[in-house]
Each structure stands twice: as structure tokens, then as C-alpha cells.
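One structure is given below, encoded as C-alpha cells.
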Amino acid sequence: MTDFAATKALFHLPQGVIYLDGNSLGPLPKSAATRVSKAVSDEWGEMLITGWNKAGWMAQPGALGERIGRLIGAAAGSTVIGDTLTIKVFQALASGLSLRPGRKVILSDTGNFPTDLYMAEGLIKALDQGHVLKTVAPEDVAANIDETVAVLMLTQVDYRTGRLHDMNALTAQAQGCGALTIWDLAHSAGALPVDLTAANADFAVGCTYKYLNAGPGAPAFISVAPRHIDHIAPALSGWLGHAAPFAFDLDYRPGAGIERMRVGTPPVLQMAALAAALDVWDTADIADVRARSIELTDLFVTLVEAACPGLTLASPRDGYARGSQISFAHPDGYAIMQALISRGVIGDFRAPDIMRFGFTPLYIGEEEVRAAVAILAEILESRLWDRPEFKTRAAVT
Ligand SMILES: *Cc1c(COP(=O)(O)O)cnc(C)c1O
47 MTDFAATKAL
57 FHLPQGVIYL
67 DGNSLGPLPK
77 SAATRVSKAV
87 SDEWGEMLIT
97 GWNKAGWMAQ
107 PGALGERIGR
117 LIGAAAGSTV
127 IGDTLTIKVF
137 QALASGLSLR
147 PGRKVILSDT
157 GNFPTDLYMA
167 EGLIKALDQG
177 HVLKTVAPED
187 VAANIDETVA
197 VLMLTQVDYR
207 TGRLHDMNAL
217 TAQAQGCGAL
227 TIWDLAHSAG
237 ALPVDLTAAN
247 ADFAVGCTYK
257 YLNAGPGAPA
267 FISVAPRHID
277 HIAPALSGWL
287 GHAAPFAFDL
297 DYRPGAGIER
307 MRVGTPPVLQ
317 MAALAAALDV
327 WDTADIADVR
337 ARSIELTDLF
347 VTLVEAACPG
357 LTLASPRDGY
367 ARGSQISFAH
377 PDGYAIMQAL
387 ISRGVIGDFR
397 APDIMRFGFT
407 PLYIGEEEVR
417 AAVAILAEIL
427 ESRLWDRPEF
437 KTRAAVT
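For the sequence shown, our numbering assigns the number 443 to the last residue and increments by one with no breaks.
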């Protein structure tokens, strides 16, 4: 059984703050601060260029990918980190389309995060082979899977509502029609159990700065099913995905296995933070995290609905049908969220009217849930949010 008091003690949480935004940016694991500082002074500072070999910087993308792979049920040797999630989406999509040359449809849904859809649009233009991006409502995905689909590209947990797609069923259905699947695990990795092997998923991508707590700008990951990797000629054919980067050949040859999904120089300092953040997962069982997350989110919904009549639940009511966040809609959601933040309860806002609250049992418990709802109810009752200062939109919402 995971000791959540012990995991909470591993994080730096600012005084007077109830942090319900770990779904956007996880808080600082205390060990990450020391690990990064050591990487700066002992490795970069003392080793200089020799750190690539001496401190093992060059091998870390594979080693860290392996640790993430274990959290998401990926086969050994099928996960690597690097770049940003946006780039990893592009790589997965380009790979998937190249494996289904006769087909032209990328199927996704209108709940997908825009960058995933934008990358599909950009890739279609660059390829110029008549591909189309078809986006349907999340509940209509299954009905639109047919023999024209090359790749089904979905984000498992909807970033706005938290609605969870059935990865196993949709993967099986897509593969039954000869299509490949790309699962974006941005709001899944570290939030709920994922088993890519059991789902027989073809590709998975995700970021490490949300529920994995590796810090702002932390690298993304990509997993490719072992049955595909040797058949992929990477579209982003960077030198660190080359079979022999230091041979400095003039021609590209893909590296062995998942190494070919590397592109350029890895972010060494961010990898130090990621390594420390992953240590937290050595003490936590994702099944316990999931069970506790459902308890906490259920409690939040019950308390908010009892105390805040103006808010409409925008997430599935069934805990098993959603990820680890709860969203409520309100026409003045932006101002209410700003008022909440001014009172130390940090969630976020997603246009047009969604207030989003992430629940991460590693450091959030029942006490924080109750206190957050009490503050929310007070803000609504006093109309504290109805002030100009809470209505000016910042660049990041
Ligand atoms: C957070 C998120 C992203 C962000 O991509 P970056 O390249 O890290 O900025 C992409 N896709 C989904 C589904 C997300 O939730």
C-alpha cells in the first residue's frame, strides 16, 4: 500500500497553497532541486564536455525512457525521451502514416489537444499526398473507424473534461480495420494505470511535466511497439537517432530500435530533474494512486455540488470513466478561477468556460479537498470574483 503521507513529504509545496494543477505542471520533488544543482556544479561545472561519457548523459534518454516505459506497461526497450510532446506526436504520426501507405485518413476527435491536431495538419501539408484529418465528437470515434483509416490518433484523457477513452477497445477495433493507433498519454502517465502491452497499442507519446512532475520544459517520451520499430524510417532524421552519430556519415541510417526516435542533443539538466521525479514513483503504486484519485475526485464533486449551486459538472460522474481531474463549467469560470488562485487554491481555466482541478494523491488528500471547496463556496457566495482585477486575461490561463 502506498504511504501517501510519505509521498507528500517528498514534494516542495508552497505555504498556504492548495495545489490542484498537477495535471498542468507537477510540483517540485525536493530531490529534483538537489539533483539538478549537482548536475550543474559537479557534472557541467567540473566535467565539462567529458560529462557526455563520464556522467552518462548520452545514454540517459534510453534509460529514462525505460523507467517511464515500466509505468505505462511498454515493452522493454520500446520507450525513449526527448524533445517536446508536440514533436513526439509528429514523429509518431509520420511513422504511422508511412506504415499504412495506401490509406489517407487520420482519425481523431474534437476533444483532442489542439497541438496534436495542428501537427497532423502540418504533416499532411508537408507530405502532400492527399491525407485528410477527420475529427469527430469523442463519443463518435468508434462509429467512424473503418478501412479508410490509416491512423487513429487520440488523447486518452480529454484535457478539458477528463473523459477517458477505452484504449483497449478502440485499439482492437482500429486494428481490426487494419489501422494503427497513437495514444497521447499526456493526462494518463502518472495519473492512472496504463498497459500499452495489454492494449497492443502501436504508438504512445506523453509529457513528463504533468503527473510525472519533472518540471517546466521537461522532455517528452515516445513508445513504439517492438513489432514496428525496425520498419520505421524516421521523418525527423536527426543525428542522435543515427546508427553511428559520431561516424559523421553524410547519409542517414536509422539507429537500432527505439534509439532512432531520438533527434538532437538531449536536455541534460531537465533529465536530471526527470530522474529525481521518477524516483518518487519507486515508492508509489499507480493502482493505489488511481483508487485514491477516484475517492478524492468523487468527494470533490459531492462537496461542490452541495455547496456551489451555480457550477455545472463537465466531467464524467463515474470515476472510472475519467482521468484524475474534475472540471466544472461556469460562464464566469475565468474570473472565479482567478479569485480562487488569489485565495491560494490553484487550478486552471480552459476556454470557453471550464474550471479545471487536478487531483494528485501523491501530495493531495481529503483535507485539501475540503478546504478548497470551502474557499470556492465562499468566493461564489460573496461574489468575490466579480471584480475587474479577476477578469483581465493573462497570457497563460
Ligand atoms: C499538455 C499537452 C500537450 C503539450 O505539448 P507540448 O509539446 O509539451 O507543449 C500536447 N498534447 C496533449 C494532449 C497535452 O495534454
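Where is the CB? At the ideal position from N, CA and C, for every residue including glycine.
D155: CB within 7 Å of a non-hydrogen atom of ligand 1 = Here residue 155 is taken as the residue at index 109 of the sequence shown, counted from 1. Answer for D155: no, Cβ out of range of ligand 1.
Classify W285 as helix, strand or coil using the three-state DSSP reduction.
-> Reading the sequence shown from its first residue, position 239 is the one you call residue 285. Here W285 sits in helix by DSSP.
Residues that I372 bridges to, as DSSP identifies them | The residue you call residue 372 lines up with position 326 of the sequence shown. In the DSSP output, where bridge partners are listed per residue, I372 has F403.
Per DSSP, which residues does W327 bridge with? Please list them.
-> Locating residue 327 in the sequence shown gives position 281, where the first residue counts as 1. BP columns for W327 are empty, so no partner.
Name the DSSP bridge partner or partners of G467?
-> Residue 467 is absent from the structure shown; the chain starts at 47 and stops at 443.
V197 and A218: beta carbons closer than 8 Å?
-> For this step, residue 197 is matched to residue 151 along the sequence shown. For this step, residue 218 is matched to residue 172 along the sequence shown. No, these two residues do not count as a Cβ contact at 8 Å.
Measure the C-alpha to C-alpha separation of P60 and K76 and round it to an integer number of angstroms.
-> Counted from its first residue, the sequence shown places residue 60 at position 14. Counted from its first residue, the sequence shown places residue 76 at position 30. Cα to Cα, P60 sits roughly 12 Å from K76.
At 4 residues or longer, and completely inside the stretch 379-403: list those alpha helix (DSSP H) runs for me, N to C.
-> Secondary structure remark: continuous alpha helix (DSSP H) runs of at least 4 residues inside the stretch 379-403, in chain order: 379-388.
Are the stretch 362-375 and the stretch 147-159 touching, with three or more C-beta to C-beta distances below 8 Å?
-> No, because fewer than three Cβ pairs between the stretch 362-375 and the stretch 147-159 fall closer than 8 Å, the two stretches do not touch.
Who does T181 pair with in a DSSP beta bridge?
-> Mapped onto the sequence shown, residue 181 falls at position 135. T181 pairs with S154.
Can you tell which of I278, F294, G287 and S373 has its C-alpha closest to the C-alpha of R306?
-> Along the sequence shown, one-based indexing puts residue 306 at 260. Ranking I278, F294, G287 and S373 by Cα distance to R306 puts G287 first.
Within the chosen definition, does the stretch 286-301 reach the stretch 339-351 through at least 3 CB pairs nearer than 8 Å?
-> Taking 8 Å as the limit for Cβ pairs, the verdict is that the stretch 339-351 does not touch the stretch 286-301.
Any chance the stretch 66-75 sits against the stretch 404-424, with 3 or more Cβ pairs inside 8 Å?
-> With a cut-off of 8 Å on Cβ pairs, the stretch 66-75 is in contact with the stretch 404-424, counting three or more such pairs.
Is G249 near ligand 1, judged by its Cβ being under 7 Å from some heavy atom?
-> As a first step, residue 249 must be located in the sequence shown, where it is residue number 203. Note on residue identity: the sequence assigns Phe, not Gly, to residue 249. Exclusion of F249 from the 7 Å shell around ligand 1 follows from its C-beta lying no nearer than that to any non-hydrogen atom of the ligand.
Just to check, is the beta-carbon of F136 closer than 7 Å to a non-hydrogen atom of ligand 1?
-> What you label residue 136 is simply residue 90 of the sequence shown in a count that begins at 1. F136: no, Cβ never under 7 Å from ligand 1.
Could you check the C-alpha separation between I410 and S70 for me, to the nearest Å?
-> Numbered from 1 along the sequence shown, position 364 holds the residue referred to as residue 410. Numbered from 1 along the sequence shown, position 24 holds the residue referred to as residue 70. So the two alpha carbons sit approximately 15 Å from each other.
Neighbourhood of A52 by C-beta, 8 Å cutoff - its chain only, sequence neighbours within 5 removed = Within the sequence shown, residue 52 is the residue found at index 6, counting from 1. The beta carbon of A52 lies closer than 8 Å to those of T329 in the same chain, with the five residues before and after it left out.
Drop a sphere of 10 angstroms on the beta-carbon of R429, count the other beta-carbons inside from all chains shown, and report buried for 16 or more, exposed for fewer.
-> Indexing the sequence shown from 1 puts residue 429 at position 383. Exposed is the call here.
Could you tell me whether the stretch 300-316 touches the stretch 115-133, using the rule of 3 or more Cβ pairs below 8 Å?
-> Output reads yes: the stretch 115-133 touches the stretch 300-316.
Between the C-alpha atoms of N158 and G393, what's the straight-line distance to the nearest angstrom?
-> For the purposes of this step, residue 158 is identified with residue 112 of the sequence shown, where counting begins at 1. For the purposes of this step, residue 393 is identified with residue 347 of the sequence shown, where counting begins at 1. A direct Cα-to-Cα measurement between N158 and G393 gives close to 20 Å.
Look at the alpha carbon of P355 and the alpha carbon of K437, and state the distance between them as a whole number of angstroms.
-> The residue given as residue 355 occupies position 309 in the sequence shown. The residue given as residue 437 occupies position 391 in the sequence shown. Each residue's Cα considered, the two are about 21 Å apart.
Around the Cβ of P312, are there at least 16 other Cβ atoms within 10 angstroms (buried) or fewer (exposed)?
-> Position 266 of the sequence shown holds residue 312. Buried.
What number of angstroms, rounded off, separates the C-alpha of G208 from the C-alpha of I372?
-> If you number the sequence shown from 1, residue 208 lands on position 162. If you number the sequence shown from 1, residue 372 lands on position 326. Cα to Cα, G208 sits roughly 7 Å from I372.
Can you tell which of H277, A318, L315 and Q316 has the C-alpha that lies nearest to the C-alpha of R299?
-> Counting from 1 along the sequence shown, the entry for residue 299 is found at position 253. The residue with the shortest Cα to Cα distance from R299 is H277.
So is the beta-carbon of H233 under 7 Å away from any non-hydrogen atom of ligand 1?
-> Working through the sequence shown from its first residue, we reach residue 233 at position 187. Annotation for H233 indicates a beta carbon within 7 Å of some heavy atom of ligand 1.
Take the Cβ of F249 as the centre, count every other Cβ of all protein chains shown within 10 Å, and call the residue buried at 16 or more, exposed below.
-> Here the question's residue 249 lines up with position 203 in the sequence shown. Result: buried.
CB of A266 within 8 Å of CB of D162, strictly = Sequence index remark: in the sequence shown, residue 266 carries index 220 (1-based). Sequence index remark: in the sequence shown, residue 162 carries index 116 (1-based). No, these two residues do not count as a Cβ contact at 8 Å.
Grab the span of the beta strand (DSSP E) containing L226 for me, first residue to last.
-> Counting from 1 along the sequence shown, the entry for residue 226 is found at position 180. Taken as a continuous stretch (DSSP letters only), the beta strand (DSSP E) holding L226 covers L226 to D230.
Based on Cα-Cα distance, which residue from S388, H376, R338 and C253 lies nearest to M401?
-> Against the sequence shown, residue 401 aligns to sequence position 355. Ranked by Cα distance from M401, the first of S388, H376, R338 and C253 is H376.
What's the C-alpha gap between R116 and T343?
-> In the sequence shown, residue 116 corresponds to position 70, counting from 1. In the sequence shown, residue 343 corresponds to position 297, counting from 1. Approximately 26 Å between the Cα atoms of the pair.
Counting pairs of Cβ atoms below 8 Å between the stretch 384-399 and the stretch 417-428, do you hit three or more?
-> As far as the Cβ criterion goes, the stretch 384-399 touches the stretch 417-428, which means the pair count is three or higher.
For A64, three-class secondary structure by DSSP | Counted from its first residue, the sequence shown places residue 64 at position 18. Strictly speaking, residue 64 in this sequence is Ile, with Ala absent from that position. Secondary structure of I64 (DSSP, three-state): strand.
A446 Cβ short of 7 Å to ligand 1 heavy atom set | Outside the shown range of the chain (47 to 443) lies residue 446, about which nothing can therefore be said.
Euclidean distance between Cα positions of D88 and P73 = For this step, residue 88 is matched to residue 42 along the sequence shown. For this step, residue 73 is matched to residue 27 along the sequence shown. Answer to the nearest angstrom: the Cα atoms are 25 Å apart.
Span separating the alpha-carbon of W103 from that of C253 = Along the sequence shown, one-based indexing puts residue 103 at 57. Along the sequence shown, one-based indexing puts residue 253 at 207. C253 has its alpha-carbon roughly 20 Å from the corresponding atom of W103.
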